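Sequences listed follow chains C and R, in order.
Oh and the first sequence: position 104 is 104 in full-length UniProt numbering, straight run, nothing missing.
Oh and the second sequence: position 188 is 188 in full-length UniProt numbering, straight run, nothing missing.
For every residue, glycine included, the Cβ atom is placed at its ideal position computed from N, Cα and C.
In this text the structure is predicted, and so the values were computed from the model without any measurement.
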Amino acid sequence: MFRLHDVSYAYGGNRAGVAALSHISLDVAQGEFRWLLGPSGAGKSSLLSILSLEVQASAGMVEILGVPVMQARRSNLARLRRRIGTVWQDFRLLPDLSVFDNVALPLRLQHRAEDEIAHEVHAIMKWVGLENRLDARPLQLSGGEQQRVAIARAVIYRPALLLADEPTNALDERQAGRLMAMFHRLAELGTTIVVATHNDAIVEKYPAPAIELAHGHLVRDYR
Amino acid sequence: MARRRYHDGLALHQALPGQFLPFLVAAMSFLAALALAGGIAAHGLSQRWTHGAGAVTTVQVPGPDDPAAGSGTRIAAVQDIVAHAPGVATAHRLSDAELRALLAPWIEQTGDSSLPLPAVIEVHTVPGQDPMPPLLPRLEAVAPGVLVEHDSVWSDRLAALAASLQACALLAVLIVMTVAVCVVMAATRAGLQTRRQAIALIHSLGAMDSYIAGRFASRVGLLALVGGLGGSIAALPMLLAMSHLAAPFSAMTDAQAVAPMDWRNPRAWADIVPHALLWMLLALPPAAGITGWVTTQLTVRAWLRRLP
């Protein structure tokens, strides 16, 4: 599903930049659920940024869903992004769009029919428990509600690869439990999922193979 | 299920407000229209001077009624040669009245009406031809002392002046277009900066460069089209007035030159404005729209290259 071979990444360029990841090699298969662990500054967000095609690795080989990222054309990268769902730590909701429009955005970029979009949005928003807040603006929501909207937007198009950066941060225990159950269900359906967290409690409660980083190096790759 | 308005987060009405850009494009189109009108007018006058009334040669025959070297009078011999020469459209001998009217300012100053006057033949040549130089030896042979004056010196100078005016007009249009392109680029970049977070997000969700560039270009193209339309409409009254003032200089007949203008009749407008100028006015708005569309496409695609 994705393979990294000897991947390095430095902020601000390869030579003068600050190294965030060094010589990372990973191979994660379809339908796997992986925790991405490590303390702050370990490189978790950098690794997720490379996998979500937000940044390019400075060196090494990155292959996602069979596409060699470093050699791919821009149009192919855009198509690949449509198969990757990402839940960012800062949610990245557009403040001038309603909750409905924020969640509908990925489907609209895929030119789906408006009736189909409305059906999908209502279904996913019912699942995250925000079906009554469709017309609200993100800034009118609590942190937990915004996180649920961000999750809904990331999973609405059933991505082949789902990346989540601290997705349970703003959720209560019940919501976090529901989210983890959904992640496991999606993995069973074939979605590869990588969840970055430094919440040891939730990792213990939902045990799964883990990738552990420290100071930009891969220290453990549990299976 | 109620239908909802389509929103993709780009909010182009915020990124590219509808007042600023059309106004600037209208100003540019107005200036371009004036410059093009100047160029077209210079071209028209150049054509007129080169091929119309300017292409006149006068032949002066001193002692017109003296016998020619051969048979008949000198004026008859000269007129016969000129009238049958290829490249000559008409050869008209000025009557005594026409000649005296022509010379009235000088004759009245001297107060002497008994001066011996030469006969004058006004020769109109076929546009693009200059038949007189080859005739000179023959004219000199039948009527020694004959004088041929061709206005080509002045028409050539005026044509050169018109050509330089056309070049200036073209340069002005190029400068206006360059400024318009720069304005569109600056407005587009400002719009991209305003919506950079939204653009980065929809880019990360899989939007193609062509989609984002197309959305911006459609908006700018439409605003530029509206601006171009405004500029053309604003230029129209001024161009009508200028065309009316220029009519006597470009009219082919005196009747056209002095014909009164009926300002309430739009058909009369079309008569006085050169057709090339009317087509140019019609072409300006789409040209502005296309220029805006292409410039925005290139600007947005270049900007998106910053994103991976």
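List the residues of chain C whose Cβ lies closer than 8 Å to the Cβ of residue i, in chain order.
i	result
P308/R	L53, E54, V55, Q56, L77
Show which residues of chain R have a CB atom less than 7 Å away from the CB atom of residue i.
i	result
P167/C	Within chain R, no residue comes near P167/C; the closest Cβ sits about 17 Å away, beyond 7 Å.
R81/C	S204, L205, G206
What is the C-beta distance between residue i and residue j, in whole angstroms, given that I count them as a contact (C-beta under 8 Å)?
i	j	result
A26/R	G230/R	4 Å
Q47/R	P118/R	Actually they are not in contact, since the Cβ atoms of Q47/R and P118/R sit about 32 Å apart, beyond 8 Å.
L130/C	V99/C	7 Å
G9/R	V184/R	Actually they do not touch by this definition, with Cβ atoms about 23 Å apart.
L53/C	V203/C	In fact, because the Cβ distance is near 26 Å, the residues do not count as touching under 8 Å.
T295/R	V181/R	5 Å
L12/R	R219/R	4 Å
A15/R	G206/R	With a Cβ gap of about 21 Å, A15/R and G206/R do not count as contacting.
S29/R	G227/R	6 Å
Run down chain R in chain order and give the residues with a C-beta less than 8 Å from the C-beta of residue i.
i	result
T86/C	S204
Can you pull the chain C neighbours of residue i, defined as C-beta to C-beta under 7 Å?
i	result
G9/R	L94, L97, L105
Applying a beta-carbon distance threshold of less than 9 Å, which residues of chain C neighbour residue i?
i	result
D209/R	R74, S75, A78
To the nearest angstrom, how far is the alpha carbon of residue i from that of residue j?
i	j	result
P64/R	D130/R	24 Å
L109/C	M280/R	40 Å
A69/R	L245/R	51 Å
S210/R	R301/R	8 Å
Q193/R	G66/C	34 Å
L47/C	A104/C	27 Å
V142/R	A276/R	48 Å
L171/R	V123/R	38 Å
H92/R	A159/R	26 Å
L162/C	L179/C	13 Å
V121/C	K44/C	30 Å
G214/R	H203/R	14 Å
P274/R	S243/R	8 Å
Q140/C	M125/C	16 Å
E149/R	L165/R	27 Å
D6/C	A57/C	10 Å
H215/C	A20/C	7 Å
A10/C	H23/C	11 Å
V18/C	P22/R	46 Å
I211/C	P159/C	21 Å
E114/C	R153/C	16 Å
P106/C	L307/R	18 Å
A29/C	V194/C	11 Å
A167/R	A42/R	10 Å
L99/R	A169/R	41 Å
residue 315/R	V82/R	With chain R running from 1 to 308 in the structure shown, residue 315/R is simply not present.
L135/R	A85/R	8 Å
T253/R	G39/R	Only weak support exists for where T253/R lies, its pLDDT of 49 falling under 50; the value from the coordinates is given anyway. Approximately 23 Å between the Cα atoms of the pair.
I50/C	V69/C	10 Å
V155/C	L298/R	34 Å
G41/C	A32/R	58 Å
F216/R	R189/R	10 Å
E145/C	A164/C	16 Å
P89/C	P167/C	Note that residue 89/C is Gln in the sequence shown, not Pro. Answer to the nearest angstrom: the Cα atoms are 7 Å apart.
Give the DSSP bridge partners of residue i, in chain order.
i	result
D165/C	A196/C
R93/R	I121/R
P67/R	T73/R
M70/C	DSSP lists no partner for M70/C.
W35/C	V195/C, A210/C
H217/C	A214/C
E149/R	T58/R
G191/R	The partner list for G191/R (beta bridge, DSSP) is empty, contrary to what the question assumes.
R3/C	D27/C, E63/C
S8/C	A59/C
I84/C	L161/C
L21/C	Y9/C
V88/R	T125/R
Using a Cβ-Cβ cut-off of less than 7 Å, give me the residues of the segment 95 to 111 of chain C that come near chain R, in sequence order. D96, L97, F100, D101, L105, P106, R108, L109
Mind listing which residues of the UniProt domain "ABC3 transporter permease C-terminal" (171 to 245) of chain R have their C-beta closer than 9 Å to chain C's C-betas, in chain order? Q197, A198, A200, L201, I202, H203, S204, L205, G206, A207, M208, D209, S210, Y211
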